[in-house]
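Chains as they are written, first to last, in the numbering used here: chain A, 3 to 324; chain B, 3 to 324.
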């Protein structure tokens with residue numbers, strides 16, 4: 003029997019692919035390339051497929067564009083880089099409406115106008131499924147590269163904002179009968195979290211030269227686990243400190259912590275820095291930012307629940323692409 | 003009726019998309035970004051779709067990988083840039099064989115080993131159709147950027163190699179009954195031209211700082227027309243000077259000139275430079291390189307046929323993606 007990518011799974015496929023990449027420039031949100039002594043180039047790429055990463059049911063074209071750009075800008079932020087620009091490769095069925103393409107580009111452009119960078123190129127191809135391939139690049143001073151692998155025992159773990167809201171917004175969009183007694187404004191806040199996430203580029207300028215981190219695009223649990231694995235440390239998180247938006251508390255307080263840990267696509271940053279630096283940074287961040295735990299010398303990532311019980315987090319709950 | 007991208011056509015779609023890009027960095031093979039005073043970054047992107055740009059019938063996975071990389075490296079060469087690296091975004095059906103993915107990456111890696119650059123990142127997504135999105139970036143000294151828009155009246159038009167062979171190779175792969183009396187070695191030369199094109203990076207180092215040009219990925223006629231439009235000049239080409247590989251002459255001498263002009267995917271460079279510079283460059287280039295005409299003050303691109311008749315070239319014969 004021929005082995006398929008389904009049979010080896012996403013981790014197997016990643017391992018296969020990583021054999022072909024230089025070991026020192028992969029395994030983070032973006033690749034860092036030393037172009038000149040004072041400027042490092044950061045490159046990151048995303049492929050988004052209709053009915054996998056977006057759909058007409060949940061995301062109008064303007065939002066598809068915004069999210070596509072925001073996800074890539076978030077990867078740049080997660081490397082400490084500021085955006086230069088991005089390229090857009092599109093695969094489109096011939097019956098795609100012009101309005102959809104226009105909305106997509108307007109969404110991308112609006113996101114770049116707000117956070118920096120320009121559309122600097124692209125390619126158009128005929129395909130049976132709408133496909134968006136974005137490659138973004140940014141620049142960072144060599145001393146300010148933010149990686150996953152430098153968290154230190156005793157570091158505070160800080161998140162730049164609320165978690166779980168994007169997943170809640172998706173739920174509301176997918177199930178029209180859900181949240182029928184939710185206030186209109188709460189619904190808007192959650193739907194907006196899904197359709198118009200904010201890449202955390204503003205915080206980059208506030209960071210010193212000793213921080214580890216990544217973004218929470220695949221969920222808060224995944225981010226902490228990835229950082230701990232890369233840095234060969236453990237962590238303890240305090241469940242009651244994980245910031246949940248009031249709108250999400252009112253919508254579904256039972257699901258909230260699960261969506262915060264595993265929902266993904268909140269595009270916040272998860273940062274590890276000295277407790278003093280974390281305390282100093284916190285007042286400069288928007289409401290929702292919080293210190294949620296600390297880095298330990300253990301090998302596990304533990305979650306101290308409200309009840310006092312301690313749960314071990316692991317990768318099994320994350321999203322599997324294949 | 004809702005307008006579709008089919009109804010506005012490829013040119014209409016390009017116009018729409020270009021509204022969103024800064025005017026000074028589009029319209030060439032790649033975008034040029036001034037990162038530092040001494041290093042400009044060149045970025046180019048391609049989307050390749052199963053059964054549009056490649057197929058199991060004509061291209062084994064290793065060749066799909068090689069061609070994908072070569073097409074992007076050719077775009078870098080067409081801007082005068084040397085490769086730094088590329089990212090690979092893949093959309094894959096779950097039943098894709100592991101061997102296909104492995105072959106693809108090996109093909110990309112073999113091409114980069116020979117011509118420079120590394121695989122520096124990527125993304126994997128589930129899709130119903132095999133999709134390859136490659137973004138390549140390279141660097142070029144600001145004084146050595148090669149553009150389409152600086153051809154001058156009196157310039158010689160030089161091509162770096164044979165044209166039409168890639169299209170002939172595709173023909174042989176698509177029609178097993180074709181060329182049945184062709185020598186095995188001729189068949190191999192033509193099939194190889196389709197499956198393993200050579201990006202013309204070697205010539206870059208030989209160019210002075212006054213050359214215009216692009217690659218012939220969409221055919222020789224398209225390249226000359228694009229250069230003339232961008233430079234607001236005309237051209238006269240000498241049909242008898244257009245280099246046709248001996249293997250192609252033997253395979254199909256009647257079709258040869260048509261495939262050379264319109265077949266595409268030969269990935270040679272079409273350069274415009276002073277007659278003296280062209281004569282000096284020619285001996286340094288591989289067999290097949292030739293001076294095929296000159297830039298004129300006319301508004302048309304003319305082809306002087308062997309018979310002495312003059313034909314006007316235009317864009318209508320090119321490949322339409324939508």
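Glycine included, every Cβ here is placed at the ideal spot set by N, Cα and C.
Original post:
Using a beta-carbon distance below 8 Å, is residue 128 of chain B in contact with chain A?
Top reply: Yes, because at least one Cβ of chain A sits closer than 8 Å to the Cβ of residue 128 of chain B.
Subject >> Residue-chain proximity (residue 97 of chain B, chain A), Cβ-Cβ < 8 Å >> reply: Yes, residue 97 of chain B counts as interfacial toward chain A.
Original post:
Just checking my contact of residue 319 of chain B with residue 258 of chain B at CB under 8 Å: how many whole Å lie between their CB atoms?
Top reply: At roughly 15 Å, the Cβ-Cβ gap does not stay under 8 Å, so residue 319 of chain B and residue 258 of chain B are not in contact.
**OP:** Would you please state the rounded distance, in angstroms, between the beta carbons of residue 127 of chain A and residue 49 of chain B? I believe it to be under 8 Å.
**Re:** 4 Å between Cβ atoms; contact.
Subject >> Per-residue DSSP class, three states only, for residue 23 of chain B >> reply: Annotated three-state conformation of residue 23 of chain B is coil, per DSSP.
Original post:
Okay, do the region 301-316 of chain B and the region 235-251 of chain B touch, 3+ Cβ pairs below 8 Å being the bar?
Top reply: Touching, yes.
Subject >> Residue-level contact to chain B via CB, residue 38 of chain A, 8 Å cutoff >> reply: Closer than 8 Å: yes.
**OP:** Spatial neighbours of residue 80 of chain A within its chain, please: CB distance less than 6 Å, with the 5 preceding and 5 following residues excluded, ordered by chain position.
**Re:** The beta carbon of residue 80 of chain A sits closer than 6 Å to the beta carbons of 31, 216 and 217 from its chain, once the five residues preceding and following it are set aside; these are given in chain order.
**OP:** Identify the contact partners of residue 230 of chain B in chain A, using a Cβ-Cβ distance below 9 Å as the criterion.
**Re:** Chain A residues near residue 230 of chain B: none, gap ~22 Å exceeds 9 Å.
Subject >> chain B contacts made by the region 44-58 of chain A, where a contact means CB separation under 8 Å >> reply: Cβ contacts with chain B come from 45, 46, 47, 48, 49, 50, 51, 54 and 55.
Original post:
Smallest Cα separation from residue 111 of chain B: which of A/20, A/297 and A/233?
Top reply: Proximity to residue 111 of chain B across A/20, A/297 and A/233 peaks at A/20, based on C-alpha coordinates.
Original post:
Tell me, which residues are paired with residue 229 of chain B by DSSP?
Top reply: In the DSSP assignment, no residue is bridged to residue 229 of chain B.
**OP:** Check residue 56 of chain B in the structure and name its three-state DSSP category.
**Re:** In this structure, residue 56 of chain B counts as strand in the three-state DSSP scheme.
Original post:
Excluding sequence positions up to five away, which residues of its chain have a Cβ less than 6 Å from the Cβ of residue 195 of chain B?
Top reply: If the five residues before and after residue 195 of chain B are omitted, its C-beta is found closer than 6 Å to the C-beta atoms of 167, 168 and 171, all from its own chain and listed in chain order.
Subject >> Buried versus exposed, by CB contacts within 10 Å (16 or more), residue 1 of chain A >> reply: Residue 1 of chain A lies beyond the stretch modelled for chain A, which goes from 3 to 324, so this question has no answer here.
Subject >> Chain-ordered chain A contacts of residue 60 of chain B [CB-CB under 7 Å] >> reply: For residue 60 of chain B, no chain A residue has a Cβ inside 7 Å of its Cβ, as the nearest lies near 17 Å away.
Subject >> Reference residue 192 of chain A, options A/151, A/144, A/204 and A/268, closest by Cα >> reply: Ranking A/151, A/144, A/204 and A/268 by Cα distance to residue 192 of chain A puts A/268 first.
**OP:** Pull up the distance between the alpha-carbon of residue 178 of chain A and that of residue 152 of chain A, whole angstroms please.
**Re:** Cα to Cα, residue 178 of chain A sits roughly 44 Å from residue 152 of chain A.
Original post:
If contact means a Cβ-Cβ distance below 9 Å, which residues of the region 61-86 of chain A contact chain B?
Top reply: Of all residues in the region 61-86 of chain A, only 86 come within less than 9 Å of chain B when Cβ atoms are compared, listed by chain position.
Original post:
Between residue 85 of chain A and residue 140 of chain A, is the Cβ-Cβ spacing less than 8 Å?
Top reply: Taking 8 Å as the Cβ cut-off, residue 85 of chain A and residue 140 of chain A qualify as a contacting pair.
Subject >> Contact the region 223-232 of chain B vs the region 92-100 of chain B: 3+ CB pairs below 8 Å >> reply: With fewer than three CB-CB distances shorter than 8 Å, the region 223-232 of chain B does not count as touching the region 92-100 of chain B.
**OP:** Return the CA-CA distance between residue 270 of chain A and residue 133 of chain B, expressed in angstroms with no decimal places.
**Re:** One C-alpha to the other measures close to 29 Å.
Subject >> Distance, residue 94 of chain B Cα to residue 51 of chain A Cα >> reply: Rounded to the nearest angstrom, the two C-alpha atoms are 10 Å apart.
Original post:
Is the CB-CB distance between residue 163 of chain A and residue 107 of chain A below 8 Å?
Top reply: In this structure, the beta-carbon distance from residue 163 of chain A to residue 107 of chain A does not fall below 8 Å.
Subject >> Residues of its chain near residue 249 of chain B, where Cβ-Cβ distance is below 6 Å and the 5 sequence neighbours each way are ignored >> reply: Closer than 6 Å at the Cβ level, and outside the excluded window around residue 249 of chain B, lie 188, 191 and 192.
Original post:
Where residue 11 of chain B and residue 303 of chain B are concerned, what is the direct C-alpha to C-alpha distance, given to the nearest angstrom?
Top reply: Between residue 11 of chain B and residue 303 of chain B, the C-alpha separation is close to 24 Å.
Original post:
Is the CB-CB distance between residue 37 of chain A and residue 42 of chain B below 8 Å?
Top reply: Result no, Cβ atoms of residue 37 of chain A and residue 42 of chain B do not sit closer than 8 Å.
Original post:
To the nearest angstrom, how far is it from the Cα of residue 104 of chain B to the Cα of residue 83 of chain B?
Top reply: In this model, residue 104 of chain B and residue 83 of chain B are separated by some 28 Å (Cα to Cα).
Original post:
Taking C-beta to C-beta, are residue 159 of chain B and residue 274 of chain B nearer than 8 Å?
Top reply: Closer than 8 Å, so yes.
Original post:
Can you tell me whether residue 199 of chain A is buried or exposed, with buried defined as 16 or more other CB within 10 angstroms of its CB?
Top reply: By the 10 Å Cβ count, residue 199 of chain A comes out buried.
Original post:
How about residue 109 of chain B and residue 64 of chain B: do their beta carbons lie closer than 8 Å?
Top reply: Yes.
Original post:
Is the Cβ-Cβ distance between residue 122 of chain B and residue 35 of chain A less than 8 Å?
Top reply: With contacts defined by Cβ atoms closer than 8 Å, residue 122 of chain B and residue 35 of chain A form a contacting pair.
Subject >> Contacting residues, own chain, Cβ-Cβ under 8 Å from residue 22 of chain B (five flanking each side not counted) >> reply: Cβ neighbours of residue 22 of chain B beyond the five flanking positions: none.
Original post:
Using a C-beta cutoff of 8 Å, does residue 116 of chain A count as contacting chain B?
Top reply: Taking Cβ atoms only, chain B never reaches closer than 8 Å to residue 116 of chain A, which makes this a no.
**OP:** Give me the Cα-Cα distance between residue 74 of chain B and residue 300 of chain A, rounded to the nearest whole angstrom.
**Re:** About 46 Å.
Original post:
Which residue comes first and which comes last in the beta strand (DSSP E) that contains residue 289 of chain A?
Top reply: Per DSSP, residue 289 of chain A belongs to no beta strand (DSSP E) and is neither H nor E.
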